[in-house]
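Asker:
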Amino acid sequence: MNELMSAIEGISDKHIKEFAFVQKPKRKFSIWIKFGSMVAGFVMIGLSIVLIANKKGWLSPVIEPKSEPDYTSSGNSSPQVNSTENGSEYTSSEQLPLQTESSENGSSDNSSTNSSQPSNVLPSVFFNDVFYVIADGYPTYDLPEGYVFVGEIIGSDINGRKENGYSSGCSIGDKIYQDPSNPHDLIVNTRLFSDNGYWYVRFVEAK
Amino acid sequence: MDDSRIIELFFERSEKAISELSSKYGGVCMKIAQNVLNNHQDAEECVNDTYLGVWDTIPPKKPDSLLAYVCRLARNISVNRYKYNSAQKRNGIYDVCISELDECISSNETAEDRFDTKELSRYIDEFLDTLDKINRMLFVRRYWYLDSIENLASMTRLSAGNVRTRLSRLRDMLKKFLENRGVDV
Chain A
1 MNELMSAIEG ISDKHIKEFA FVQKPKRKFS IWIKFGSMVA GFVMIGLSIV LIANKKGWLS
61 PVIEPKSEPD YTSSGNSSPQ VNSTENGSEY TSSEQLPLQT ESSENGSSDN SSTNSSQPSN
121 VLPSVFFNDV FYVIADGYPT YDLPEGYVFV GEIIGSDING RKENGYSSGC SIGDKIYQDP
181 SNPHDLIVNT RLFSDNGYWY VRFVEAK
Chain B
208 MDDSRIIELF FERSEKAISE LSSKYGGVCM KIAQNVLNNH QDAEECVNDT YLGVWDTIPP
268 KKPDSLLAYV CRLARNISVN RYKYNSAQKR NGIYDVCISE LDECISSNET AEDRFDTKEL
328 SRYIDEFLDT LDKINRMLFV RRYWYLDSIE NLASMTRLSA GNVRTRLSRL RDMLKKFLEN
388 RGVDV
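In order, the protein sequence lines correspond to chains A and B.
If you're matching positions, the first sequence starts at 1 in this note's numbering and goes up one per residue.
If you're matching positions, the second sequence starts at 208 in this note's numbering and goes up one per residue.
#1: Please classify Pro139(A) as buried or exposed, where buried requires at least 16 neighbouring CB atoms within 10 angstroms.
#2: Rounded to the nearest angstrom, how far is the Cβ of Ser168(A) from that of Pro123(A), given a contact under 8 Å?
#3: Can you tell which of Met362(B), Arg388(B), Ile331(B) and Asp354(B) has the C-alpha that lies nearest to the C-alpha of Leu395(B)?
#4: Could you compute how far the alpha carbon of Ala422(B) sits from the alpha carbon of Val347(B)?
#5: In whole angstroms, what separates the C-alpha of Ser115(A) from that of Gly165(A)?
#6: Less than 8 Å between CB atoms is the rule here; does Lys325(B) satisfy it with respect to chain A?
#7: What number of angstroms, rounded off, separates the C-alpha of Ser112(A) from the C-alpha of Val201(A)?
#8: Is the CB-CB distance between Ala281(B) and Cys236(B) below 8 Å?
#9: How many whole angstroms separate the CB atoms of Tyr291(B) and Tyr301(B), which I take to be in contact at a CB cut-off of 8 Å?
#10: Which residues does DSSP list as the beta-bridge partners of Lys175(A)?
#11: Give the DSSP-derived three-state secondary structure of Val22(A) in the structure shown.
#12: Note down, in chain order, each residue of its chain lying with its Cβ closer than 7 Å to the Cβ of Arg373(B), except the 5 sequence neighbours on either side.
#13: Note down, in chain order, every chain A residue with its Cβ under 8 Å from the Cβ of Cys304(B).
#14: Using a Cβ distance threshold of 8 Å, determine whether the stretch 210–228 of chain B contacts the stretch 174–193 of chain A, with at least three qualifying pairs required.
#15: Sorted by chain position, which residues of the same chain lie with C-beta nearer than 8 Å to Gly173(A)'s C-beta, five sequence neighbours on each side aside?
#16: Please list the partners that Ala275(B) has in chain A, where partner means a Cβ-to-Cβ separation under 7 Å.
#17: Can you tell me which of the three DSSP states Asn2(A) falls into?
#18: Would you say the beta carbon of Met208(B) comes nearer than 7 Å to a heavy atom of the ligand NAD?
#19: Give the residues from the stretch 366–385 of chain B that approach chain A closer than 9 Å (Cβ to any Cβ), ordered along the chain.
#20: When the Cα atoms are used, what is the spatial distance from Tyr198(A) to Trp58(A)?
#21: Based on DSSP bridge pairs, tell me the residues matched to Val125(A).
#22: In whole angstroms, what is the alpha-carbon distance linking Phe218(B) and Asp391(B)?
#23: For my contact list, Val150(A) and Gln178(A) are in at a C-beta cut-off of 8 Å; report their separation, rounded to the angstrom.
#24: So, is the C-beta of Gly46(A) closer than 8 Å to a C-beta in chain B?
#25: What do you get for Asp299(B), buried or exposed, if any count of 16 or more other CB atoms within 10 angstroms of its CB means buried?
#26: Tell me the DSSP secondary structure of Val201(A) in three-state form.
#27: Cα-Cα, which of His247(B), Ala250(B), Asn245(B) and Leu273(B) is closest to Met208(B)?
#28: Determine the DSSP secondary structure at Asn182(A), reduced to helix, strand or coil.
#29: Pick from Ile213(B), Glu333(B) and Lys238(B): whose alpha carbon is nearest that of Tyr352(B)?
#30: Bridge partners for Thr140(A) per DSSP, in chain order?
#31: Buried or exposed for Arg161(A), going by 16 or more other Cβ atoms inside 10 Å?
#32: Where do the N-terminal and C-terminal ends of the alpha helix (DSSP H) with Gly368(B) fall, by residue?
#33: Closer than 8 Å by beta-carbon distance: list the chain B residues that pair up with Phe21(A), in chain order.
#34: Helix or strand or just coil, what does DSSP make of Tyr147(A)?
#35: I'd like to know whether the C-beta of Leu308(B) is nearer than 8 Å to at least one C-beta of chain A.
#36: Just curious, the alpha helix (DSSP H) that Trp32(A) is in, first and last residue?
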């Protein structure tokens, strides 16, 4: 018989006991495979939700401009410019950005430059050294014929008359249009009083 | 049940000693016998003979490690049974292991050339202490417990080829180790 085999039979008890009961080693990466699978599952679910939401437009809603209001219907949503008893003007159907105030002497002269008088907070534009205030009537979504681009709003002032190009109510960058044959009014393409985007608001020379 | 308590039962000549021994180490003994004999009926008989051997030898013997003592008995009884069953055949795991170990050391018939087996066992213990756990397990399970290559592969989650390669390297390492100790290989 092989001498070595005989010798191996006589090895110490500690080596025999050490491997009498052998357990299979656990897979090294099993926990990581489970963890990775879970993460991959959540990522797939998240991506699916994002794709579905994007397809249905829930993620980035686009505000579509409303169609031109129907002037003949009684319940139109465009702002109507009304006059108060003292002649100052205000809009009634929309939320006003500012409240109207009557002047101390009852004058409706909005072009007054007297600094001691209360400020005129009605929407206005100062352009070519002329002070224009918001006109009666309804804004439109189309530029009337004959009006051409003449400039932009360059600043905002509560009185609207700080310098040419300044406005009370309109935003910086809003475009100004005017009929060259009629310098007494102008039209501004603005979001003033609009819920749905830009429209054309008319201003008239203040008297 | 604790090993010391089981040994006490043997000393008390209680029959419960055999049942406790069987429930605790019966599986290991059966595994060793199956590895050697590859026959369930023969293996069962060898395991029963092992219990009888323990009953007959404890007392007076009081082994330090009951597990190692029972395993040695089971192995010796199984190997003797194997030699009895297959005197002419050479295809069991036991013979395969012997042929593998022939690479490390030659068998010598003469008394003058016979190695001191106890000293060789001590060298092998030292060799096993130099190995890492996996390699030590492969060596002991292959050449002491006589496990098949497939069993070793499933125990270690290695491939069968990998196990064969590792065992071959271990035999080379053992050969060099014995040469360094002055054992004439």
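Backbone N, C-alpha and C fix where the C-beta goes; we use that ideal spot for every residue, glycine too.
Answerer: So, from the listed chains and residues:
#1: In the first sequence, the residue the question calls residue 139(A) occupies position 139. Burial call: buried.
#2: Along the first sequence, one-based indexing puts residue 168(A) at 168. Along the first sequence, one-based indexing puts residue 123(A) at 123. About 6 Å separates the two Cβ atoms, so the contact holds.
#3: Shown here, chain B extends from 208 to 392; a query on residue 395(B) therefore has no answer.
#4: With chain B represented from 208 up to 392, any question about residue 422(B) goes unanswered, as that position is not in the structure.
#5: Translated into the one-based positions of the first sequence, residue 115(A) becomes position 115. Translated into the one-based positions of the first sequence, residue 165(A) becomes position 165. Note that Ser115(A) scores a pLDDT of 41, beneath 50, so its modelled location is shaky; the value from the coordinates is reported in the next line. In a straight line, the C-alpha of Ser115(A) is about 20 Å away from that of Gly165(A).
#6: Here residue 325(B) corresponds to residue number 118 of the second sequence, with the count starting at 1. Cβ-Cβ to chain A under 8 Å: yes for Lys325(B).
#7: Within the first sequence, numbered from 1, the residue matching residue 112(A) stands at position 112. Within the first sequence, numbered from 1, the residue matching residue 201(A) stands at position 201. Residue confidence is low: Ser112(A) scores 41 on pLDDT, short of 50, so the model does not pin down where it sits. Its coordinate-derived value is still stated next. C-alpha separation (whole angstroms): 23 Å.
#8: Here the question's residue 281(B) lines up with position 74 in the second sequence. Here the question's residue 236(B) lines up with position 29 in the second sequence. Yes. Within cutoff.
#9: The count along the second sequence starts at 1 and reaches residue 291(B) at position 84. The count along the second sequence starts at 1 and reaches residue 301(B) at position 94. With a Cβ gap of about 12 Å, Tyr291(B) and Tyr301(B) do not count as contacting.
#10: Along the first sequence, read from residue 1 onward, the residue named residue 175(A) stands at position 175. DSSP output for Lys175(A) lists Glu152(A) and Asn189(A) as bridge partner(s).
#11: Taking the first sequence and counting its residues from 1, one reaches residue 22(A) at position 22. Coil, per DSSP.
#12: Here residue 373(B) is taken as the residue at index 166 of the second sequence, counted from 1. The residues are Asn342 and Leu345.
#13: Reading the second sequence from its first residue, position 97 is the one you call residue 304(B). Those within 8 Å of Cys304(B) in chain A are Met5.
#14: no
#15: Here the question's residue 173(A) lines up with position 173 in the first sequence. These residues qualify, in order along the chain: Glu152 and Ile153.
#16: Within the second sequence, the letter at position 68 stands for residue 275(B). The contacting residues are Asp13, Ile16 and Lys17.
#17: The residue given as residue 2(A) occupies position 2 in the first sequence. Note: Asn2(A) maps to coil in three-state DSSP.
#18: The ligand NAD is not part of the structure shown, which contains no ligands of any sort.
#19: Leu381 and Leu385
#20: Residue numbering aside, residue 198(A) sits at position 198 when the first sequence is read from its first letter. Residue numbering aside, residue 58(A) sits at position 58 when the first sequence is read from its first letter. Taking the straight line from one Cα to the other gives about 24 Å.
#21: Indexing the first sequence from 1 puts residue 125(A) at position 125. According to DSSP, which records beta bridges pairwise, Val125(A) is partnered with Tyr132(A) and Ser167(A).
#22: Here the question's residue 218(B) lines up with position 11 in the second sequence. Here the question's residue 391(B) lines up with position 184 in the second sequence. Straight-line Cα distance between these residues: approximately 45 Å.
#23: Numbered from its first residue, the first sequence carries residue 150(A) at position 150. Numbered from its first residue, the first sequence carries residue 178(A) at position 178. So it is a contact: roughly 5 Å between Cβ atoms.
#24: Translated into the one-based positions of the first sequence, residue 46(A) becomes position 46. False, the Cβ-Cβ gap to chain B never drops below 8 Å.
#25: One-based indexing of the second sequence puts residue 299(B) at position 92. Reading off the sequence shown, one finds Gly at residue 299(B), where the question assumed Asp. Looking at its Cβ environment, which holds 16 or more other Cβ atoms inside 10 Å, Gly299(B) is buried.
#26: Stepping through the first sequence from its first residue, residue 201(A) is reached at position 201. Val201(A) falls in the strand class under three-state DSSP.
#27: Taking the first residue of the second sequence as 1, we reach residue 208(B) at position 1. Among His247(B), Ala250(B), Asn245(B) and Leu273(B), the Cα nearest to that of Met208(B) is on Leu273(B).
#28: Locating residue 182(A) in the first sequence gives position 182, where the first residue counts as 1. Reduced to three states, the DSSP call for Asn182(A) is strand.
#29: On the second sequence, position 145 is the one that residue 352(B) refers to. Out of Ile213(B), Glu333(B) and Lys238(B), Lys238(B) has the C-alpha closest to the C-alpha of Tyr352(B).
#30: Taking the first residue of the first sequence as position 1, residue 140(A) is located at position 140. Thr140(A) is bridged to Tyr200(A).
#31: Taking the first sequence and counting its residues from 1, one reaches residue 161(A) at position 161. The residue in question, Arg161(A), is buried, as its Cβ has 16 or more Cβ neighbours within 10 Å.
#32: As a first step, residue 368(B) must be located in the second sequence, where it is residue number 161. It spans Ala367 to Asn387 - the alpha helix (DSSP H) in which Gly368(B) sits, taken as one unbroken run.
#33: Position 21 of the first sequence, counted from the start, is the residue given in the question as residue 21(A). Near Phe21(A) (Cβ distances below 8 Å), the residues of chain B are Val235.
#34: For the purposes of this step, residue 147(A) is taken as the residue at position 147 of the first sequence. In the structure shown, Tyr147(A) sits in coil (DSSP, three-state: anything other than H, G, I, E or B).
#35: Looking up residue 308(B) in the second sequence gives position 101. So yes, Leu308(B) belongs to the interface.
#36: As a first step, residue 32(A) must be located in the first sequence, where it is residue number 32. Ser30 to Lys56 is the span of the alpha helix (DSSP H), which, as asked, contains Trp32(A).
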